[in-house]
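Using my numbering, read the sequence shown as starting at 835 and increasing by one per residue.
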Amino acid sequence: MSDNHGTDVSVAEHGDTPEFPLPPHHHRITDTDPKAAKRAERQVAAMFGLSALCTIGFVVAYVAIPTDTFIALGPIGIVQLSNLVLGLTFGLAILLIGLGAIQWAKKLMADEEIIGERHPLGSPKEDQDAALAEFQTGLAESGFVERKIVRRTLIGALALFPIPLIVVLKDMGPLPVDSLNHTIWRKGSRIVVDVTGKPLRPEDLAIGTLVSASPEDLDKIQELEGNQNARAKASIILVRMRPSDIKSQQSPEGQTWDYQGILAFSKICTHVGCPIALYQQRQHSLLCPCHQSTFDLADGGKVIFGPAARHMPQLPITIDSEGYLVAQSDFQEPVGPSFWERG
Ligand code: FES
């Protein structure tokens, strides 16, 4: 007989190779006793079947157990019930497939010892044919075709196995869809100091100052948006400089997005999203503490140093009828890191 690498193999009998004598070969009970073989087959099928049940249990637990349920587990302490059950069911599903495969190989697959004599590697046509023939023989000997219950339960277990991986994708949250392109800034949104919520008038900002700000009624808007991303995306900084110091803005020709030298920019670095509020008033530069990207706020927020690939988005501002600073509109481009930037 020859294997698929051109190696001559032969079924070894005790003492048939004097240089490398093999220990006596003991036949397994499943080779000689059909009842034992049947029992082993049922054990393997039970393990694959239990694995499938564990996978189903994982999905049920994921849907049914609230994440705010905790239990006390002796010395381990308080644990989240859903995590515990998900871990156990997923772990058991993997374990039982592994144990079933081991049991199948040890008890039911062909139990022959062979000697292989090594030759240079190569795959002539006849060896490939021989390999294919051997594969067919192995398939027949493994019982994969004839032991239907084992085959079906294994296929069932393996088919269900990827489901938990798909289900947990839900934890990544809703698809962003269009939300990456917009923030909660609207035409007329009043600009308030970030921490105190105090609405700002132009006279509150002296030349050279920087203020972290956000839209008024942020909490109410955030409730509507339903998550913290709205707050993060809407964070801005306001700086004031002499109007004559402004070299350029991001506004189209003929429009101004500042108000008497007060400029508003996103607070989220366009590199990988750190919040920025380090301002060098003489150079009008904004410095990101994470990787030192530096932006020239007097020149449309353009990058003058560091790894950021995109300028800081500018928020168009003006004042309302009561003299408070307000947004003219939402940002005209996405805020935040540019790795998801549109082509
Ligand atoms: S996050 Fe700002 S430079 Fe990297």
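Backbone N, C-alpha and C fix where the C-beta goes; we use that ideal spot for every residue, glycine too.
Only a predicted model underlies this, so the values are computations on that prediction, with no experimental measurement involved.
Residue i versus residue j: straight-line alpha-carbon distance, rounded
i: glycine 972; j: alanine 944; result: 8 Å
i: proline 1077; j: glycine 1042; result: 12 Å
i: alanine 974; j: methionine 1006; result: 45 Å
i: alanine 967; j: glycine 925; result: 37 Å
i: valine 1002; j: glycine 950; result: 46 Å
i: leucine 955; j: isoleucine 948; result: 19 Å
i: proline 1086; j: proline 1008; result: 34 Å
i: histidine 1145; j: histidine 1105; result: 10 Å
i: alanine 1111; j: leucine 992; result: 52 Å
i: glycine 934; j: leucine 918; result: 24 Å
i: histidine 1125; j: leucine 920; result: 39 Å
i: cysteine 1108; j: isoleucine 890; result: 41 Å
i: alanine 1040; j: valine 893; result: 58 Å
i: histidine 839; j: glutamate 946; result: In this prediction, histidine 839 has a pLDDT of 42, which is less than 50 and means its spatial position is unreliable; what the coordinates show is noted afterwards. Cα to Cα, the separation comes out at about 19 Å.
i: threonine 1017; j: serine 1155; result: 24 Å
i: alanine 1047; j: asparagine 1063; result: 16 Å
i: isoleucine 863; j: isoleucine 899; result: 45 Å
i: serine 976; j: lysine 869; result: 17 Å
i: valine 1045; j: leucine 1034; result: 10 Å
i: alanine 879; j: leucine 988; result: 8 Å
i: leucine 1120; j: proline 1141; result: 14 Å
i: glycine 1170; j: isoleucine 1000; result: 28 Å
i: glutamate 980; j: alanine 939; result: 15 Å
i: alanine 874; j: histidine 860; result: 18 Å
i: histidine 953; j: aspartate 867; result: 38 Å
Residue i beta carbon near the ligand SAH (any heavy atom closer than 7 Å)
i: alanine 1142; result: In terms of ligand content, the structure shown lacks the ligand SAH and carries the ligand FES instead.
Bridge-paired residues (DSSP) for residue i
i: arginine 1024; result: Val1160
i: lysine 1148; result: The residue you asked about is not lysine; residue 1148 is glutamine in the sequence shown. Answer by DSSP bridge pairing, in chain order: Phe1099.
i: lysine 1136; result: Asp1130
i: leucine 1044; result: Val1073
i: serine 1215; result: Nothing about residue 1215 can be read from this structure; the chain reaches only from 835 to 1177.
i: valine 913; result: Ile905
i: proline 1049; result: Ile1025
i: isoleucine 1153; result: Leu1159
i: proline 1141; result: DSSP, once it has assigned bridges, lists no residue as partnering proline 1141.
i: tyrosine 896; result: For tyrosine 896, which the question treats as bridged, DSSP gives no partner whatsoever.
Residue i beta carbon near the ligand FES (any heavy atom closer than 7 Å)
i: serine 1013; result: no
i: valine 1169; result: no
i: histidine 1125; result: yes
i: valine 1045; result: no
i: valine 1137; result: no
i: cysteine 888; result: no
i: histidine 1105; result: yes
Backbone secondary structure at residue i - three-state DSSP
i: arginine 952; result: coil
i: serine 957; result: coil
i: leucine 1185; result: Because the chain in this structure spans residues 835 to 1177, residue 1185 falls outside the shown range and cannot be described.
i: alanine 874; result: helix
i: glycine 1007; result: coil
i: serine 1085; result: coil
i: leucine 907; result: strand
i: glutamine 1114; result: strand
i: isoleucine 997; result: helix
i: proline 858; result: coil
i: proline 868; result: helix
i: proline 1171; result: coil
i: proline 1109; result: strand
i: proline 1036; result: helix
Stretch pair the segment 1082–1091 + the segment 1132–1148: three plus CB contacts closer than 8 Å
With a cut-off of 8 Å, the segment 1132–1148 and the segment 1082–1091 count as touching, because enough Cβ pairs lie within range.
Closer than 8 Å is the cut-off here; do at least three beta carbon pairs connect the segment 925–942 with the segment 884–893?
Segments in contact, yes.
The segment 1011–1021 in contact with the segment 908–917 per 3-pair CB rule at 8 Å:
Touching, no, given that fewer than three Cβ pairs across the two stretches are closer than 8 Å.
Using 8 Å as the threshold, is the segment 1163–1174 in touch with the segment 1145–1152, meaning 3 or more CB pairs across them?
Touching, yes.
Is the segment 1093–1104 touching the segment 1067–1075, taking contact as three or more C-beta pairs under 8 Å?
Judged by Cβ distances under 8 Å, the segment 1093–1104 makes contact with the segment 1067–1075, as three or more pairs qualify.
So, do the segment 950–959 and the segment 854–865 have three or more beta carbon pairs nearer to each other than 8 Å?
Too few Cβ pairs lie closer than 8 Å, so no.
Is the segment 1152–1163 in contact with the segment 1014–1032, if contact means three or more CB pairs nearer than 8 Å?
With three or more CB-CB distances shorter than 8 Å, the segment 1152–1163 counts as touching the segment 1014–1032.
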